[in-house]
Amino acid sequence: MLQWLPEDVSTFGHDIDSLFYLIYYITAAVFIIVSVLMVVFLIKYRAQSGRRAVYSHGNTTLEIIWTIVPAAILIVLSFMSVSTWAKIKRFAPDSDFEIQVTAKQFNWDVVYPGADHKFGTSDDVRFDNDIHVPVNKVIRVHLGSQDVIHSFYLPNLRLRQDAVPGRTILVWFEATKPGKYELACSQLCGFGHSGMIGWLYVHSPEDYAKWAADNLSAKPQ
Amino acid sequence: MSDTAASVGYAVHGHEETGFWRTYVFSTDHKMIGRQFLFLGLFMLLIGGTLAMMVRWELAWPETAVPGFSWVPEPYMYEGVIPPQTYNALFTMHATLMIFFVVMPIMVGCFGNFLIPLMIGTRDMAFPKLNMLSFWVGAVAGVVMLSSFFVSGGPAAAGWTAYAPLSAKVQYTGVNWGQDLWILSLIILGASSLMDSINYITTIVNMRAPGMTYFRMPLTVWSLFITAILLLLALPVLTAALAMLLFDRAFGTSFFLPEGGGQPLLWQHMFWFFGHPEVYVLVLPAMGVTSDLLSTFSRKPIFGYHAMAFSMIAIAFLSWIVWGHHMFVSGMNPLLGTAFMMTTMVIAVPSAIKTFNWLGTLWGGNIRFASPMLFALGFVSNFIIGGLSGIFMASTPVDIFIHDTYYIVAHFHYVVAGIIFALFAAVYYWFPKMFGRTMNEGLGKIHFVLTYIFFNGAFFPMHFLGVAGHMRRIYNPTQYEFLLPMQHWNVFITISALLLGASQSIFLYNFIVSLFAGKKAERNPWQANTLEWSAPTPPPHGNFEVQPVVYRGPYEYSSPEVPEDWLPQDRNLGTAATARAH
């Protein structure tokens, strides 16, 4: 089933996918054991005339075992998740450069800060729905929304963050492979929700330098 | 009809004769109110199911005409083609109807009403008039909700979760009256559920038959008791949130609007503070019914009765501190995300305990595969999948990727739509007691097999879509390049869903025909222990011929004390036996 995961081109994508795989194997094993037991019981203990069911009200040892074992597995899973979560959310690396993405019905408004590295100044450069970044660089996105809640979703980068009006939320990613990746809105935002598509272009350093020279500096407002 | 006449004759002994209106419409009899809730729920199931079929059609064959819907006027549909705005309204109303007007009226309203007094051995609910009012207030809520289909702008289209600010301003969705009616309907329905839950709690606390201690109550009653407490505490929060939303829409307040200083996330916190206990409101009665049926048809005591009751209590407590797991990617503080992940992992434990105890109940049984049992087993099977798939979302990093994808759609349909199996199990099982006739067993089995196959065909591949990153609530998946290779699964799911819908005609036929021409039911056709089977079939107004006295727990199947493999709760075996009994 997990072969359908979109190609992972992010630095933390591997951590997320490993957890996904781990939980998948654990739950698949539990599912198989429980289902097989259920089917075996249903066949073995089907009604037969002259036979009587076992008169049992339960077993305390079993109750303790099947309380503690799932609890232990879930606690271990929690701790493994905590470290990955902290790595993504709390210990973000220093960014190599920053962009501003503002969602609105039904477009992604992308702003580059220009030469002064500040947003909201006259040398800002705006794009609709297209984000261009160099490969292997930490990008920090200042995510906001003008109207309703949208969600900034890059499947290949394992990145999803709601864009909430009235707030700026910082997210980061580092793409590991050049290419063109789809950007989707994953929170219902109105009749144009489906098709609120943007593109993330990940360039090699040379290509990015060329793109930046053509588009960032040569586009005065 | 002679049986019915006889039972009516019996009822006349103790009660004043009631006319048509008081018997069938404004009845204060908990059994009639239960039936009214059942018919309301089944009617809404037809509408909610049809909406789902339309949603599925759009996803498999986007922007093509839905057969049979060319009569819908523009701009709601164009010669049968669903526009995006209507699509949003379809899934919004599908979820709203299924949750609030199908599962709640049937599992809580119908079976809560019908079963609580019968199972605890009393004559009626504590407040019969309040009970009647609860149904009619609920019916008004249903009418208000359905009327939103006919107002200009169409019904609510902001999702059943109605996230603000999308739901808080007309300009964001273009829906004016539809969203207001949606809010009003749910406020009214909240009042109905509140009356119900007060009634259930009062009845269970005060009116149990002599000998019916709390730990001799069937797990169905336990589940409804806990459900009523959850409803009582959760609904005021929803009502408050809905009122604030209505104020934002109509009176210019800014509870959820940032431009006026409000907080969009406040809506999510309030909604899910209600919404997560609500999930257990939906699923607990299904768990209770399943426990009772598994024990009855395995001819074996329920495995770990106390563990079952306490795990439901644990779920009820924990359900108040897990709401944040709906908000991992909402922008909530990541540390809170960590805390909510921990509580969410913990709440999986009581669910696991229940599943293992169901397996333990089957072990060593003498299992009869009647249609109620098949559906109860179907519920267990689906709950295993839905429970396990929940662990993926509980892990915050994994949730970053699968949040708001079809993975979550698969997960909650396995749990919440899986309740339909417990619902059918309950209908097949208690139909004889409710209507005095038996449903056709052969048709019931065919209905089960088809429902089970197509249910899994419809919902299991949604996991695949979710893994591929398929967002939920999108109008046209073929707009996305990365989803194109998965589109054949959308077609597969839709075909399964259409067949799942078509299979329900067998149930509808069986239900209606059995209502009028089914085989006359005996008093205790399943040879079950609980008190409702000691009452005449169908039970008259006042339920029991004599006040039942309870001597033992509800699950004494295959007890060595008697030669039969069942031992009703109210059979007196003499003092020595009573002292030993559980």
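From first to last, the protein sequence lines stand for chains H and S.
Going by the numbering used here, the first sequence opens with residue 1, and the numbers climb by one from there.
Going by the numbering used here, the second sequence opens with residue 1001, and the numbers climb by one from there.
Quick reminder that beta carbons are idealized off the backbone N, C-alpha and C, glycines included.
- The beta carbon of H/Ser95 sits no closer than 8 Å to any beta carbon of chain S.
- Boundaries of the alpha helix (DSSP H) harbouring S/Gln1504: Gln1487 to Ala1517, taken from the DSSP string.
- For H/Arg126, no CB of chain S lies under 8 Å from its own CB, so it is not counted at the interface with that chain.
- Contact annotation: S/His1413 and S/Phe1459 have beta-carbon atoms nearer than 8 Å.
- H/Lys104: member of the beta strand (DSSP E) spanning Phe97 to Lys104, first to last residue.
- Contact check for S/Ala1309 and S/Asn1206: beta-carbon distance about 19 Å, past the 8 Å limit, so the pair fails to qualify.
- When secondary structure is reduced to three states using DSSP, S/Thr1405 falls in the strand class.
- For S/Ile1198, there is no enclosing beta strand (DSSP E); the residue is part of the alpha helix (DSSP H) that begins and ends at Trp1177 to Asn1206.
- Straight-line spacing of the CA atoms in S/Val1279 and S/Ser1192 works out to 18 Å.
- Interface annotation, H/Tyr45: in contact with chain S, CB-CB separation under 8 Å.
- Per DSSP, H/His142 is one residue of the beta strand (DSSP E) stretching across Val138 to Ser145.
- When 9 Å is used as the limit between beta carbons, S/Met1195 is near no residue of chain H, the shortest such separation being about 33 Å.
- With a 10 Å radius around the Cβ and a threshold of 16 neighbouring Cβ atoms, S/Ala1095 comes out buried.
- Scanning chain H for C-beta atoms nearer than 9 Å to the C-beta of S/Ala1468 yields Trp4, Leu5, Pro6 and Pro155, reported in chain order.
- In terms of beta-carbon proximity, H/Leu42 lines the interface with chain S, with at least one pair separated by less than 8 Å.
- Of all residues in the stretch 1403 to 1436 of chain S, those with a C-beta nearer than 9 Å to a C-beta of chain H are His1403, Asp1404 and Thr1405, reading in chain order.
- Residue contact check for H/Phe20 against chain S: a CB pair falls below 8 Å.
- In its chain, beyond the 5 residues on either side, His132 and His203 have a beta carbon closer than 7 Å to the beta carbon of H/Trp211.
- Fully enclosed alpha helix (DSSP H) runs of no fewer than 4 residues are not present anywhere in the stretch 124 to 207 of chain H.
- Membership of S/Asn1357 in the alpha helix (DSSP H) is indicated by the continuous run Pro1334 to Leu1362.
- Of the candidates H/Leu216, H/Gln146, H/Val164 and H/Lys87, the residue whose Cα lies closest to the Cα of S/Thr1338 is H/Lys87.
- For H/Thr84, the chain S residues whose Cβ falls inside 7 Å of its Cβ are Pro1397, in order along the chain.
- S/Phe1421 sits away from S/Phe1369, with the two beta carbons spaced by 8 Å or more.
- With contact defined as three or more Cβ pairs closer than 8 Å, the stretch 30 to 37 of chain H and the stretch 1267 to 1281 of chain S are not in contact.
- When rounded, the separation of the alpha-carbon atoms in S/Ser1298 and S/Trp1222 is 20 Å.
- Cβ-Cβ distances below 7 Å link S/Ile1391 to Ala1348 in the same chain, with the five nearest sequence neighbours on each side left out; the list follows chain order.
- When 9 Å is used as the limit between beta carbons, H/Arg140 is near no residue of chain S, the shortest such separation being about 16 Å.
- Between S/Lys1129 and chain H, the shortest Cβ-Cβ separation is not below 8 Å.
- A buried status is given to H/Val101, since no fewer than 16 other beta-carbon atoms sit within 10 Å of its beta-carbon.
- For H/Gln48, the closest alpha carbon among the candidates S/Ile1082, S/Asp1565 and S/Ile1201 is that of S/Asp1565.
- Using beta-carbon distances, H/Trp66 counts as an interface residue toward chain S, with a partner under 8 Å.
- When the alpha-carbon of S/Gln1479 is set against those of S/Pro1062, S/Lys1300 and S/Leu1051, the nearest one is in S/Pro1062.
- Here the alpha carbons of S/Gly1501 and S/Gly1444 stand approximately 15 Å from one another.
- Pairwise C-beta distances place the stretch 1071 to 1087 of chain S out of contact with the stretch 1482 to 1497 of chain S, as fewer than three of them are shorter than 8 Å.
- Of all residues in the stretch 1453 to 1481 of chain S, those with a C-beta nearer than 7 Å to a C-beta of chain H are His1463, Phe1464, Val1467, Ala1468, Gly1469, Met1471, Arg1473, Ile1474, Tyr1475, Asn1476, Gln1479, Tyr1480 and Glu1481, reading in chain order.
- If you draw a straight line from the Cα of S/Leu1515 to the Cα of S/Lys1031, it comes to about 15 Å.
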